[in-house]
Amino acid sequence: MEILQKISDGLIALKQKKPLVHHITNYVTVNDCANITLAIGASPVMADDIEEVEEMVSFASSLVLNIGTLNSRSIESMLVVGKKAKEKGIPIVFDPVGVGATNLRTVTAKQIIEDVRPDVIRGNMSEMKILAGIATEIKGVDSVADEMDGEKVALYLSQKLSCVIAITGKQDVIAQGNKVCLIHNGHPILSEVTGTGCMATSLIASYCGANDDLFVGAAAGVMTMGLAGELARQSLKAGEGIGTFRARLFDAVWNMTPEILEKGGTITNG
Amino acid sequence: MEILQKISDGLIALKQKKPLVHHITNYVTVNDCANITLAIGASPVMADDIEEVEEMVSFASSLVLNIGTLNSRSIESMLVVGKKAKEKGIPIVFDPVGVGATNLRTVTAKQIIEDVRPDVIRGNMSEMKILAGIATEIKGVDSVADEMDGEKVALYLSQKLSCVIAITGKQDVIAQGNKVCLIHNGHPILSEVTGTGCMATSLIASYCGANDDLFVGAAAGVMTMGLAGELARQSLKAGEGIGTFRARLFDAVWNMTPEILEKGGTITNG
Amino acid sequence: MEILQKISDGLIALKQKKPLVHHITNYVTVNDCANITLAIGASPVMADDIEEVEEMVSFASSLVLNIGTLNSRSIESMLVVGKKAKEKGIPIVFDPVGVGATNLRTVTAKQIIEDVRPDVIRGNMSEMKILAGIATEIKGVDSVADEMDGEKVALYLSQKLSCVIAITGKQDVIAQGNKVCLIHNGHPILSEVTGTGCMATSLIASYCGANDDLFVGAAAGVMTMGLAGELARQSLKAGEGIGTFRARLFDAVWNMTPEILEKGGTITNG
Numbered sequence: 010m011e012i013l014q015k016i017s018d019g020l021i022a023l024k025q026k027k028p029l030v031h032h033i034t035n036y037v038t039v040n041d042c043a044n045i046t047l048a049i050g051a052s053p054v055m056a057d058d059i060e061e062v063e064e065m066v067s068f069a070s071s072l073v074l075n076i077g078t079l080n081s082r083s084i085e086s087m088l089v090v091g092k093k094a095k096e097k098g099i100p101i102v103f104d105p106v107g108v109g110a111t112n113l114r115t116v117t118a119k120q121i122i123e124d125v126r127p128d129v130i131r132g133n134m135s136e137m138k139i140l141a142g143i144a145t146e147i148k149g150v151d152s153v154a155d156e157m158d159g160e161k162v163a164l165y166l167s168q169k170l171s172c173v174i175a176i177t178g179k180q181d182v183i184a185q186g187n188k189v190c191l192i193h194n195g196h197p198i199l200s201e202v203t204g205t206g207c208m209a210t211s212l213i214a215s216y217c218g219a220n221d222d223l224f225v226g227a228a229a230g231v232m233t234m235g236l237a238g239e240l241a242r243q244s245l246k247a248g249e250g251i252g253t254f255r256a257r258l259f260d261a262v263w264n265m266t267p268e269i270l271e272k273g274g275t276i277t278n279g
Numbered sequence: 010m011e012i013l014q015k016i017s018d019g020l021i022a023l024k025q026k027k028p029l030v031h032h033i034t035n036y037v038t039v040n041d042c043a044n045i046t047l048a049i050g051a052s053p054v055m056a057d058d059i060e061e062v063e064e065m066v067s068f069a070s071s072l073v074l075n076i077g078t079l080n081s082r083s084i085e086s087m088l089v090v091g092k093k094a095k096e097k098g099i100p101i102v103f104d105p106v107g108v109g110a111t112n113l114r115t116v117t118a119k120q121i122i123e124d125v126r127p128d129v130i131r132g133n134m135s136e137m138k139i140l141a142g143i144a145t146e147i148k149g150v151d152s153v154a155d156e157m158d159g160e161k162v163a164l165y166l167s168q169k170l171s172c173v174i175a176i177t178g179k180q181d182v183i184a185q186g187n188k189v190c191l192i193h194n195g196h197p198i199l200s201e202v203t204g205t206g207c208m209a210t211s212l213i214a215s216y217c218g219a220n221d222d223l224f225v226g227a228a229a230g231v232m233t234m235g236l237a238g239e240l241a242r243q244s245l246k247a248g249e250g251i252g253t254f255r256a257r258l259f260d261a262v263w264n265m266t267p268e269i270l271e272k273g274g275t276i277t278n279g
Numbered sequence: 010m011e012i013l014q015k016i017s018d019g020l021i022a023l024k025q026k027k028p029l030v031h032h033i034t035n036y037v038t039v040n041d042c043a044n045i046t047l048a049i050g051a052s053p054v055m056a057d058d059i060e061e062v063e064e065m066v067s068f069a070s071s072l073v074l075n076i077g078t079l080n081s082r083s084i085e086s087m088l089v090v091g092k093k094a095k096e097k098g099i100p101i102v103f104d105p106v107g108v109g110a111t112n113l114r115t116v117t118a119k120q121i122i123e124d125v126r127p128d129v130i131r132g133n134m135s136e137m138k139i140l141a142g143i144a145t146e147i148k149g150v151d152s153v154a155d156e157m158d159g160e161k162v163a164l165y166l167s168q169k170l171s172c173v174i175a176i177t178g179k180q181d182v183i184a185q186g187n188k189v190c191l192i193h194n195g196h197p198i199l200s201e202v203t204g205t206g207c208m209a210t211s212l213i214a215s216y217c218g219a220n221d222d223l224f225v226g227a228a229a230g231v232m233t234m235g236l237a238g239e240l241a242r243q244s245l246k247a248g249e250g251i252g253t254f255r256a257r258l259f260d261a262v263w264n265m266t267p268e269i270l271e272k273g274g275t276i277t278n279g
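Protein chains in written order, with my numbering: chain A, 10 to 279; chain B, 10 to 279; chain C, 10 to 279.
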């Protein structure tokens with residue numbers, strides 16, 4: 010229960026600080042990421058040109074790097090802005106979208122992890138297993154990973170990469186060092202809207218921009234998305250569908266309060 | 010009536026296979042294309058960097074090429090990924106947005122048609138008349154085209170380019186070789202939302218990724234969009250408008266069933 | 010009251026002409042800009058490749074330049090298309106998003122203003138104060154600007170840059186030469202949706218594409234956005250939030266009529 014209280018306090022801190030969250034993200038879900046950041050009470054800025062990213066991130070409280078639609082130009086900007094954010098000491102949240110699907114994504118993710126050393130990584134189980142393979146550079150880790158459950162993958166990666174790991178999916182897992190927790194919120198319909206993963210990453214960065222405890226920040230972001238998905242789904246009436254759900258998802262994040270988190274959030278120690 | 014049954018069966022096949030649809034598309038409506046692909050039950054992936062498109066398309070069941078906001082970088086990727094898709098034998102659906110408006114678009118569309126040889130082309134009547142002019146390279150074809158009705162343009166282009174032609178507008182026409190059909194679904198309000206053409210293209214690619222009969226796939230995509238537009242329009246109450254319509258359009262595609270297609274779809278032989 | 014009548018007539022002119030509005034804008038809110046342009050009754054086209062922008066703008070009735078996510082490629086296209094639009098004599102509406110935040114934005118905004126000479130500039134008060142500093146190139150102007158109220162900043166900039174100035178925020182101000190007016194519509198919730206500023210710019214360009222009086226066009230665009238925001242906010246029921254608000258905002262713009270503007274618009278001379 011203690012962590013649920015910290016998550017709820019984390020929302021209060023977020024609403025008070027209104028952190029500026031600098032994103033370099035993909036052009037598919039960028040509008041959703043900006044709107045979810047605003048909905049929870051933070052402030053988004055999207056800028057990716059290499060000539061301005063260092064200056065822009067100097068105002069920011071946290072940074073999102075998302076490789077959903079990467080290209081040579083944005084990769085270079087990500088590396089540059091990531092180093093600047095590290096220098097400045099603000100949390101960097103990395104979303105390795107589609108890592109493993111192509112060599113470009115795998116190589117880029119590896120480079121971002123090595124050069125930038127993100128503070129939080131959020132992805133689904135497939136992506137995390139690929140990263141676990143990269144991290145060890147031992148053949149066969151993938152198949153080992155297949156046998157691991159989410160908690161083990163998350164703990165393994167967190168220790169290997171010295172960062173907070175957030176795995177989202179049927180089962181959400183957050184790990185940091187030897188701490189791990191499971192979040193039981195969420196609804197399968199979230200996977201039928203593009204960008205709910207990217208939006209969870211933006212929410213994590215919004216919380217982490219206002220809270221020093223990044224384990225709590227990651228859990229808070231993931232719980233907010235999951236709980237909002239549940240509430241949006243419950244609100245659907247006969248004949249409504251995914252378009253209405255999407256609007257209600259933003260409604261639910263915008264209406265999120267410490268009380269709703271405490272009442273609806275379900276989190277257990279791993 | 011036989012074709013309506015095939016369309017309805019096509020939706021069953023789509024829902025079972027959940028085909029991955031690789032898109033290289035424009036940054037204006039890309040989010041809508043991803044969401045409509047999910048709403049009908051397929052799975053979208055958007056990737057346009059030349060270093061990864063060939064690898065990415067290797068997982069895909071169909072490919073969308075859409076020149077809505079083309080640039081030299083994306084054109085090159087389209088040609089490369091198109092050839093790879095052709096090699097692999099998956100259907101390529103081309104949306105020649107704005108062809109004829111600028112020389113760049115006309116030249117690019119011509120190059121894509123010649124080099125990639127798309128399996129389905131979807132556009133409005135103006136775009137198709139331009140393509141008919143390109144195809145023949147005879148001056149005055151445009152004015153000839155002006156006198157042709159939709160069926161004639163569609164049949165002419167289909168035979169000339171050896172592909173399925175889908176013309177959408179007041180009157181939707183699908184042609185393949187010497188087969189042609191007219192779809193009478195749709196509502197003028199669809200033209201007041203950006204990207205309904207692009208989304209129809211994504212729906213066609215979703216159907217064609219799960220059905221070998223591309224004539225049926227093209228008809229199914231166009232009918233799904235038109236019928237969803239009718240249902241979304243009917244659902245509007247006093248004071249509601251285009252924003253609510255847009256949400257309901259996604260609702261209607263998400264709620265589409267073989268039964269709704271069979272009951273609401275209106276299609277005739279040309 | 011006279012200006013309110015002109016604004017209301019401006020909407021009639023817009024609906025009759027359905028002007029084509031060419032945008033070079035950012036990838037964050039581009040879909041919203043296209044949809045708001047359609048919602049008010051104009052027609053959007055988004056094209057930014059340098060090889061086609063001059064040809065594309067030749068069909069347009071007005072041009073939007075928005076530096077929300079600028080890069081070297083789009084900057085060059087903006088300068089080229091701006092000069093072409095000027096040659097052609099269509100109104101150019103400039104949105105200096107984030108000017109002052111980075112040197113790249115400040116330098117680019119300055120270059121656009123000098124080389125293209127936009128007809129209307131819309132921004133928030135911070136952006137306008139930066140532009141006022143650029144315009145004078147006298148150190149300390151920023152602090153002078155800090156003491157100025159909105160009307161003075163708007164009048165100063167309008168005279169300096171020989172264009173219409175629209176400052177949006179808590180207080181909307183429109184100035185042209187020595188004319189100034191204040192628009193009292195709007196709602197704070199508009200700042201909780203990304204792109205409401207960009208959309209106001211698109212609405213201004215929609216009105217200016219159909220009305221020669223750019224002071225009226227700018228006031229009409231700003232009033233339409235503000236009034237639509239009020240109406241959308243009023244329509245929210247308990248439990249609804251920002252997602253529903255966003256849909257209703259488009260509903261309200263789509264349902265806007267001369268009568269609604271005349272009844273709900275509140276404008277005073279400065």
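Cβ atoms here follow ideal geometry from the backbone N, Cα and C, with glycine treated the same way.
9 angstroms Cβ cut-off: residues of chain C touching B:Ile-12: Those do not exist, as B:Ile-12 stays about 32 angstroms from chain C at its closest Cβ, beyond 9 angstroms.
With a threshold of 9 angstroms between beta-carbons, can A:Gly-252 be considered close to chain B, or not? yes
Integer-rounded CB distance, given that C:Gly-248 should sit under 8 angstroms from C:Ala-1: Nothing in the structure corresponds to residue 1 of chain C, since chain C is present only between 10 and 279.
Checking contacts by CB at 9 angstroms: is A:Ile-269 closer than that to chain C? no
Can you tell me which of the three DSSP states A:Arg-131 falls into? strand
Near-chain C residues of the region 197-210 of chain B (beta-carbon distance less than 7 angstroms), N- to C-terminal order: Glu-201, Val-202 and Thr-203
For A:Thr-277, count the other beta carbons within 10 Å of its own beta carbon; 16 or more makes it buried, fewer makes it exposed. Which is it? exposed
Going by DSSP, what residue range makes up the beta strand (DSSP E) through B:Ala-184? 181-185
Do you know offhand how far C:Leu-315's Cα is from C:Val-30's? This structure cannot settle anything about residue 315 of chain C, because the visible part of chain C is limited to 10 through 279.
I believe A:Glu-239 touches A:Asn-194 by the beta-carbon criterion, under 8 angstroms. Please report the beta-carbon distance rounded to the nearest angstrom. 6 angstroms
Is it buried or exposed for B:Asp-158, if we count other Cβ within 10 angstroms and need 16 for buried? exposed
Just to make sure I have the definition right: I need the residues of chain B whose C-beta is within less than 9 angstroms of the C-beta of C:Asn-264. Which are they? Gly-248, Glu-249, Gly-250 and Ile-251
Are the C-beta atoms of C:Asp-58 and some chain A residue less than 9 angstroms apart? no
What three-state label does DSSP hand C:Val-202 in the structure shown? coil
Leaving aside the five residues before and after B:Gly-206 along the sequence, list all residues of the same chain whose C-beta is less than 8 angstroms from its C-beta, in chain order. Asp-104, Val-106, Arg-131, Gly-132, Asn-133 and Thr-177
Which residues, taken in chain order from the region 26-52 of chain C, show a beta carbon closer than 8 angstroms to some beta carbon of chain B? Tyr-36, Val-39, Asn-40, Ala-43, Asn-44, Leu-47 and Ala-48
Taking A:Asp-181 as the reference, give the member of A:Thr-203, A:Glu-201, A:Ala-228 and A:Leu-166 with the closest Cα. A:Ala-228
Proximal chain B residues relative to C:Ala-219, where beta-carbon distance stays under 9 angstroms: Residues of chain B passing the Cβ test: none, with the nearest at roughly 17 angstroms.
Taking C-beta pairs closer than 9 angstroms, name the residues in chain B that A:Asn-112 reaches, listed in chain order. Glu-60, Glu-61 and Glu-64
For a contact meaning CB atoms closer than 9 angstroms, what does B:Arg-242 contact in chain A? Under the 9 angstroms cutoff, chain A gives no residues; its nearest Cβ is about 14 angstroms from B:Arg-242.
At the level of alpha carbons, what is the spacing between A:Val-125 and B:Thr-266? 48 angstroms
Short check: CB of B:Leu-23 to CB of B:Ile-49, under 9 angstroms? yes
Below 7 angstroms CB to CB, which residues in the same chain sit around A:Met-65 once its five sequence neighbours on both sides are set aside? His-31, Val-54 and Ala-56
Note down the Cα distance separating A:Asn-310 from C:Val-102, rounded to an integer number of angstroms. Nothing can be reported for residue 310 of chain A: it is not among the residues displayed for chain A, which extend from 10 to 279.
B:Met-87: contacting residues in chain A (beta-carbon distance under 8 angstroms): Under the 8 angstroms cutoff, chain A gives no residues; its nearest Cβ is about 14 angstroms from B:Met-87.
Separation of C:Pro-127 from C:Ile-84, as counted between CA atoms: 15 angstroms
With a 10 Å radius around its C-beta and 16 neighbouring C-beta atoms as the bar for buried, classify B:Pro-197 as buried or exposed. exposed
Please report the Cβ distance between A:Val-202 and B:Asn-40, rounded to the nearest whole angstrom; I am assuming they are in contact, meaning their Cβ atoms lie under 8 angstroms. About 10 angstroms separates the two Cβ atoms, so there is no contact after all.
Neighbouring residues, chain C, relative to B:Asn-80 (Cβ below 7 angstroms): Asp-58
Give a yes or no on whether the minimum CB-CB distance between A:Leu-258 and chain C is below 9 angstroms. yes
Please return the same chain residues whose Cβ sits closer than 7 angstroms to the Cβ of C:Ile-59, not counting the five positions on each side in sequence. Glu-85, Ser-86 and Val-89
In terms of DSSP beta bridges, what is B:His-193 paired with? Paired residues: none, contrary to the question.
Beta strand (DSSP E) containing B:Met-265: first to last residue? No beta strand (DSSP E) holds B:Met-265; DSSP gives it neither H nor E.
Is any beta-carbon of chain C found at less than 9 angstroms from that of B:Gly-77? yes
I believe A:Thr-210 touches A:Val-73 by the beta-carbon criterion, under 8 angstroms. Please report the beta-carbon distance rounded to the nearest angstrom. 6 angstroms
For C:Ile-139, which residues in the same chain have their Cβ closer than 7 angstroms to its Cβ, ignoring the five residues on either side in sequence? Val-108, Gly-109 and Thr-115
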